Amino acid sequence: MMQVQITGTMLLQLVVSGLLAGGLYALVALGLSLVFGVMRVINLAHGALLMLGAYTTYWLFALFGLNPFLSLLVSVPMLFVVGAILQKLFVHRVVEAPELSSLLLTFGISIFIANVAMLAWSSDYRSVEFLTGSFILGQIAFSKPRLISFSVALGLTGLALLFLHRTKIGKAIRATSQHRDVAQICGINVRRIDMITFGLGAGLAGAGGSLVSIMFAVYPEMGLIYVFKSFLVVVLGGAGNYPGAFFGGLLLGLVEGLASLFLTAQLSEVIAYIFLVIVLLVRPAGLLGGRT
Amino acid sequence: MRRAFVLGLAGMWISLLVLYLAVGPTWGQEPIKIGASISLTGTYAKPGKYTQEGYLFCEKEINDKGGLLGRKVRFIIYDDKSDPLTAIKLYEKLITGDKVEQVMGPYSSPVTNAASTASEKYKKVMMASLASTTSIWERGFKYLFMTISPAEVYLEGLVELAAERGLKTIAVINEDTLFAKAAAKGTIELAKKKGMQVVFHEAYPKGTTDFSALLIKIKSLNPDVIAAGSYFDDAVATTRQMKELDVNPRMYGVTVGGDLPEFYQIQGKTAEYVYGSSQWEKTLPYPGIKEFVAAYEKMWNHEPSYHSAAGYGACQLLAEAIKRANSLDSEKIREQLLKLKIPTVFGDYQVDERGFQIAHKMVLLQWLDGKKVTVWPLHLAEGKPLYPTPPWKQR
Amino acid sequence: MMAGILWLLLAVMGGLAVLPLFASGYIISFTIQIFMWIALAGSWNLISGFTGYVSFGHVAFFGIGSYTGALLVTKAGWHWLPASLAGCVPAAALALLIGYPCLRLKGPYFAIAMLGLNEVVRALVSYFESFTGGGSGISLPPILSIAPVYYAMGGVAIAVTLLTYRIITSRFGLRLLSIREDEIAAETMGINTSLMKLYAFLLSALFPGIVGGLYAWYSSYIEPLSVFPLLTTITMIIMCLFGGKGTVLGPVLGAVLLSVFQELVWARFIFVHQAIFGALIVGVVLLMPRGIMGVLQERYRLPRAV
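Protein chains in written order, with my numbering: chain W, 1 to 292; chain R, 293 to 687; chain G, 688 to 993.
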């Protein structure tokens, strides 16, 4: 085997690719962080919701030729509704409950949804072939689907953050996330906030799924890996720290890429998880500070 | 009241008589029971279903032609959920509970590996229809027989064609799972034998979606050939990302996934020129293949995949061995299977003393103009490969 | 009352002891699996049922035990029984190593840390492939008779259950329960919670280690993805919850009933059995969080040691 010499160009290319990948992680993780921050619920069904978003985009593309980026206008609201319904029916019972309940409940929901998806759509791999290739800038290739997905993810994350900071409901969500009891005393209908938050989280997951469908394969169990990655991001950025989730996502994409480049792909997996455990032990509030 | 009772009793007797007359004569002849567990659910559900279809098609065909040794054949198939432990349980059940005569293998190497411990224990012949891992046949089992080509030769065609054209360098990547690793290892050995230099070899965890780092490293080494021990989703991701990062080998081949119609359906032009390997294609010049495909389509309403063909072929082989042995005794059947050297719809069959397949050939195909063209080996090829693969910018 | 239960248990044990003599291979295999789940659910009970710390990566001990057993058999030529028993050593070492720092974490963080830990162990096992075979897994020599495995697995199941009984009737058990109820108050009462938790964690890791070793021998092939799956952790948790966590018979009941239920469902509803399992999980969490024993204990004022 030959030794690979890593040049500046290669490094730069990797930084670009890594950050672009990270944008997607950020979008997906934000949803998870929101749900945990407000309701203290660890949503293992987050991946299944992502998967539903991906299938929505796929079917709209396959049956009607709808531009996958436009399909976001369908998948996000649809997943919002699905999320709100799930919250109303099941999740509200484990809000602020011991973590075991929420972990198990959401896991149960997730395998139920995945199995139904498999029955409905079979476990055949699908994907949306819409954008391929890259924009070349000098010696660096910017993957077209990734660049556009990154921009969309950035936009959506930005919108979400704006929503959280500038609108009344957004502020109510943040208030509930910071201190539930006080928020209630202040007259916030925390039940309704829970529902909206879970729906929002689901919508963000669905958006992530839609974007994933353009780049990678779509199949019923696709969501699982994203849940784990989202955990990594939320831990890195700090639970309940929403801008933190964004930077955490970028950081994860970068670190994964760098580790794969300088070491091996397998080691990068090892490192990512060791990192998770260490951060939890040393600074549970997250690298960027969040709620403990 | 009394009358009703007598009438009821008479009615019961009459229906029993009718039943016996209708079904009775066939009661005397017990069907030959062949058992198997298949992944009808779980990870391997899709290929498992195709395998089951192959078995059931074979069962129907045998019975339509008069059965085996003068008796009908009946397959007893259970779902092993793609789980090795479940398969062990089920083969125990098939052999000791259902009292099957012999068994057919399940789908996939890990499940076959586990299940065969049960069949070997009871000295039942297992035709392993869909297990491709060499290590399974390195355990010294006596009643286990392989049908398909082993993982190590999946990309034999790619290496041969590359060597023929004087290519010198090859980069190999693979998923870090049993089959893909064996395929990569085999490819590397074949390449080295042909005097090629392996400039890069790395494994990636299952579920990897981002191949940027791997491809960036490979691109910097500029190999002539890139070989991937992959499954479907990673093959698609790798191909797409190769386009994005402008990685241009002269030849690029994948193990699994490249032979599926979805590979082109999903990717369109991006999939052009990619080499894939296949255990079986319906266009190959094997004996009886056209009739098989037509009859299969009639029964199941879709084309057979290689899993169906392998399942069917394996069943045919077992039936042939039973016929030649003129017995259901494991020792006699085993003797025949070790000696047997015949082509089936699935291809050639011959095993070494371990039961390991040595005659069946993998074919290499290339996607050209949206179609799968078999390009290697020469005696099975239907077209010439397009070489070299043009760089992305020129397509 | 207790005497009656005791006689019943003895009768059941007697029946189980002679089962391999007349039952079919299928039934024996099925019972081996039930024993395995009793041991796993019971072990999870020791840490999470008693202290309330949710070990969400408990399958890591199982996986490490599997690899230990498999490696000792294939590379060092050990007999499978001592090899499986030796599985508890790395498991215990891991528990000590990781327990000490992790048990200081609060609720959800401990759960996620355990989840991460499982992935770390799995990734490390995959990485050191010259030692563990990596993604290729390890193939063990085939077993010719499953009766010994049956007795071994049964032995572990009995051991876990007995240990649970001993703990629950001891002061150690009381201390653990008090940690579950209110850790800060327990600390105030002078209980060394760190030590107690660590000890319970250690005990809970031993048996999955042994069971893992037996599993490797029984299935004769293991690979990282098959011995470290999240689904195994969830299954042992659900079985424990269903039967009643924090009780002695809870994990046993849960393992037996759910194994039978799953077998029946899968036989009848092949393609939806996963969905049904998902629905079952949701049902157990929402409708019977205290499990069967929990409900029975309240209804019939059963002693705590049941």
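For glycine and all other residues, C-beta sits at the position ideal for the given N, C-alpha and C. Remember, predicted model here, so these are calculated numbers, not experimental data.
1. How close, in whole Å, do the beta carbons of Ser-411 of chain R and Tyr-435 of chain R come, if the pair is a contact with beta carbons under 8 Å?
2. Establish whether the CB of Leu-224 of chain W and some CB of chain R are separated by less than 9 Å.
3. What in chain R is Cβ-close to Tyr-908 of chain G, meaning under 8 Å?
4. In its own chain, which residues sit with a C-beta less than 7 Å from the C-beta of Gln-3 of chain W, not counting the 5 before and 5 after it?
5. Does the beta carbon of Tyr-342 of chain R sit closer than 9 Å to a beta carbon anywhere in chain W?
6. Taking a Cβ distance cut-off of 7 Å, strictly less, list which residues of the region 490-507 of chain R are near chain W, in chain order.
7. Tell me which residues of the region 113-136 of chain W have at least one Cβ-Cβ distance to chain G shorter than 7 Å, keeping chain order.
8. Compare the C-beta of Glu-564 of chain R against all C-beta atoms of chain G and say whether one is closer than 9 Å.
9. Three or more C-beta pairs closer than 8 Å, one from the region 756-767 of chain G and one from the region 843-857 of chain G: is that the case here?
10. Helix, strand or coil for Met-883 of chain G per DSSP?
11. Specify the secondary structure class of Arg-284 of chain R as computed by DSSP and reduced to three states.
12. Could you tell me whether the region 666-680 of chain R touches the region 519-535 of chain R, using the rule of 3 or more Cβ pairs below 8 Å?
13. Examine the Cβ distances between the region 26-35 of chain W and the region 201-221 of chain W and report whether three or more of them are shorter than 8 Å.
14. Count the CB pairs spanning the region 215-223 of chain W and the region 115-133 of chain W that are closer than 8 Å, and state whether there are at least three.
15. Chain G partners of Pro-68 of chain W, CB-CB under 7 Å?
16. Which of the three DSSP states, helix, strand or coil, is assigned to Val-152 of chain W?
17. By the 10 Å Cβ neighbour count, where 16 or more other Cβ atoms means buried, how is Gly-320 of chain R classified, buried or exposed?
18. Pick helix, strand or coil for Thr-666 of chain R, following the three-state DSSP scheme.
19. Is the Cβ-Cβ distance between Ala-782 of chain G and Ala-892 of chain G less than 9 Å?
20. On a Cα-Cα basis, can you pick out the residue from R:Gln-658, R:Trp-659, R:Asp-640, R:Glu-645 that is closest to Ala-651 of chain R?
21. Use the C-beta contact count for Ala-505 of chain R: other C-beta atoms within 10 angstroms, 16 or more gives buried, fewer gives exposed.
22. With a threshold of 9 Å between beta carbons, is Met-10 of chain W in contact with chain G?
23. Cα separation between Leu-261 of chain W and Lys-460 of chain R?
24. In the DSSP assignment, find the unbroken alpha helix (DSSP H) run with Thr-106 of chain W in it and report its ends.
25. Go ahead and label Met-222 of chain W buried or exposed: buried means 16 or more other beta carbons lie within 10 angstroms of its beta carbon, across all protein chains shown.
26. Spatial neighbours of Ile-968 of chain G within its chain, please: C-beta separation below 8 Å, excluding the five flanking residues on both sides.
27. Could you tell me the alpha carbon to alpha carbon distance between Met-84 of chain W and Ile-278 of chain W, rounded to whole angstroms?
28. Quick one: any contact between the region 734-744 of chain G and the region 857-866 of chain G, if contact means 3 or more CB pairs under 8 Å?
29. Provide the residue span of the alpha helix (DSSP H) that contains Thr-378 of chain R, from first to last.
30. Touch check for the region 179-187 of chain W and the region 233-249 of chain W: three-plus C-beta pairs under 8 Å?
31. Span of the alpha helix (DSSP H) holding Met-926 of chain G?
32. Please state whether DSSP places Pro-635 of chain R in a helix, a strand or coil.
33. Please classify Gly-369 of chain R: is it buried, with 16 or more other beta-carbons within 10 angstroms of its beta-carbon, or exposed?
34. On the CB-based measure, 16 or more other CB atoms within 10 Å of its CB, does Arg-858 of chain G come out buried or exposed?
35. With three or more beta-carbon pairs closer than 8 Å as the criterion, would you say the region 809-822 of chain G touches the region 495-509 of chain R?
36. In whole angstroms, what separates the C-alpha of Leu-670 of chain R from that of Leu-678 of chain R?
Put simply:
1. In the second sequence, the residue the question calls residue 411 of chain R occupies position 119. In the second sequence, the residue the question calls residue 435 of chain R occupies position 143. With a Cβ gap of about 6 Å, Ser-411 of chain R and Tyr-435 of chain R count as contacting.
2. The sequence position of residue 224 of chain W within the first sequence is 224, counting from 1. Leu-224 of chain W counts as touching chain R.
3. Numbered from its first residue, the third sequence carries residue 908 of chain G at position 221. The contact set of Tyr-908 of chain G on chain R, defined by CB atoms closer than 8 Å, consists of Pro-376, Pro-402, Asn-405, Ala-406 in chain order.
4. As a working mapping, residue 3 of chain W is identified with position 3 in the first sequence. In the same chain as Gln-3 of chain W, and ignoring 5 residues on each side of it, no C-beta atom comes closer than 7 Å to its own.
5. Reading the second sequence from its first residue, position 50 is the one you call residue 342 of chain R. Using beta-carbon distances, Tyr-342 of chain R does not count as an interface residue toward chain W, since no partner is under 9 Å.
6. Hits within the stretch, in order: Val-490, Val-491, Phe-492, His-493, Glu-494, Ala-495, Tyr-496, Pro-497, Gly-499, Thr-500, Thr-501, Asp-502, Ser-504, Ala-505, Leu-506.
7. Of all residues in the region 113-136 of chain W, those with a C-beta nearer than 7 Å to a C-beta of chain G are Asn-115, Val-116, Leu-119, reading in chain order.
8. Here residue 564 of chain R corresponds to residue number 272 of the second sequence, with the count starting at 1. No, its Cβ sits nowhere closer than 9 Å to a Cβ of chain G.
9. Contact between the region 756-767 of chain G and the region 843-857 of chain G is absent, with fewer than three C-beta pairs closer than 8 Å.
10. Within the third sequence, numbered from 1, the residue matching residue 883 of chain G stands at position 196. Correct three-state label for Met-883 of chain G: helix.
11. Residue coverage of chain R in this structure runs from 293 to 687, which leaves residue 284 of chain R outside it and unanswerable.
12. No, because fewer than three Cβ pairs between the region 666-680 of chain R and the region 519-535 of chain R fall closer than 8 Å, the two stretches do not touch.
13. Because the criterion of three Cβ pairs below 8 Å is met, the region 26-35 of chain W and the region 201-221 of chain W touch.
14. Yes, the region 215-223 of chain W touches the region 115-133 of chain W.
15. Residue mapping note: residue 68 of chain W aligns to position 68 of the first sequence, counting from 1. At a C-beta separation below 7 Å, Pro-68 of chain W has no neighbours in chain G, since its nearest C-beta there lies roughly 28 Å away.
16. By one-based count along the first sequence, residue 152 of chain W stands at place 152. Collapsing the DSSP output to three states places Val-152 of chain W in a helix.
17. Translated into the one-based positions of the second sequence, residue 320 of chain R becomes position 28. Because Gly-320 of chain R sits at a pLDDT of 47, beneath the cut-off of 50, its placement in the model cannot be relied upon, and the point is left open.
18. Residue mapping note: residue 666 of chain R aligns to position 374 of the second sequence, counting from 1. Taken through DSSP and simplified to helix, strand or coil, Thr-666 of chain R comes out as strand.
19. Position 95 of the third sequence, counted from the start, is the residue given in the question as residue 782 of chain G. Position 205 of the third sequence, counted from the start, is the residue given in the question as residue 892 of chain G. Result yes, Cβ atoms of Ala-782 of chain G and Ala-892 of chain G sit closer than 9 Å.
20. In the second sequence, the residue the question calls residue 651 of chain R occupies position 359. Selected option, being the one with the closest Cα: R:Asp-640.
21. Working through the second sequence from its first residue, we reach residue 505 of chain R at position 213. Counting Cβ neighbours within 10 Å, Ala-505 of chain R comes out buried, since at least 16 surround it.
22. In the first sequence, the residue the question calls residue 10 of chain W occupies position 10. Not an interface residue.
23. Counting from 1 along the first sequence, the entry for residue 261 of chain W is found at position 261. Counting from 1 along the second sequence, the entry for residue 460 of chain R is found at position 168. Distance between the alpha carbons of Leu-261 of chain W and Lys-460 of chain R: 25 Å.
24. Counting from 1 along the first sequence, the entry for residue 106 of chain W is found at position 106. 99-121 is the extent of the alpha helix (DSSP H) around Thr-106 of chain W.
25. Within the first sequence, the letter at position 222 stands for residue 222 of chain W. Flag for Met-222 of chain W reads buried.
26. For the purposes of this step, residue 968 of chain G is identified with residue 281 of the third sequence, where counting begins at 1. Apart from the 5 residues on each side of it in sequence, Ile-968 of chain G sits with its Cβ closer than 8 Å to the Cβ of Ile-921, Ile-925 in its chain, given in chain order.
27. Residue numbering aside, residue 84 of chain W sits at position 84 when the first sequence is read from its first letter. Residue numbering aside, residue 278 of chain W sits at position 278 when the first sequence is read from its first letter. A small fix is needed here, since residue 84 of chain W is Ala in this sequence, not Met. Rounded to the nearest angstrom, the gap between the Cα atoms of Ala-84 of chain W and Ile-278 of chain W is 34 Å.
28. The answer is yes - the region 857-866 of chain G touches the region 734-744 of chain G, with three or more Cβ pairs under 8 Å.
29. For the purposes of this step, residue 378 of chain R is identified with residue 86 of the second sequence, where counting begins at 1. For Thr-378 of chain R, the enclosing alpha helix (DSSP H) covers residues 376-384.
30. No, the region 179-187 of chain W does not touch the region 233-249 of chain W.
31. In the third sequence, residue 926 of chain G corresponds to position 239, counting from 1. Element bounds for Met-926 of chain G: 917-930.
32. As a working note, residue 635 of chain R is residue 343 in the second sequence. In the structure shown, Pro-635 of chain R sits in a strand (DSSP, three-state: E or B).
33. Taking the first residue of the second sequence as 1, we reach residue 369 of chain R at position 77. The sequence as given places Ile at residue 369 of chain R; Gly does not occur at that position. Ile-369 of chain R is buried by the Cβ-count criterion.
34. Taking the first residue of the third sequence as 1, we reach residue 858 of chain G at position 171. Label assigned to Arg-858 of chain G: exposed.
35. Yes, the region 809-822 of chain G touches the region 495-509 of chain R.
36. Within the second sequence, the letter at position 378 stands for residue 670 of chain R. Within the second sequence, the letter at position 386 stands for residue 678 of chain R. A straight line joining the alpha-carbon of Leu-670 of chain R with that of Leu-678 of chain R spans about 15 Å.
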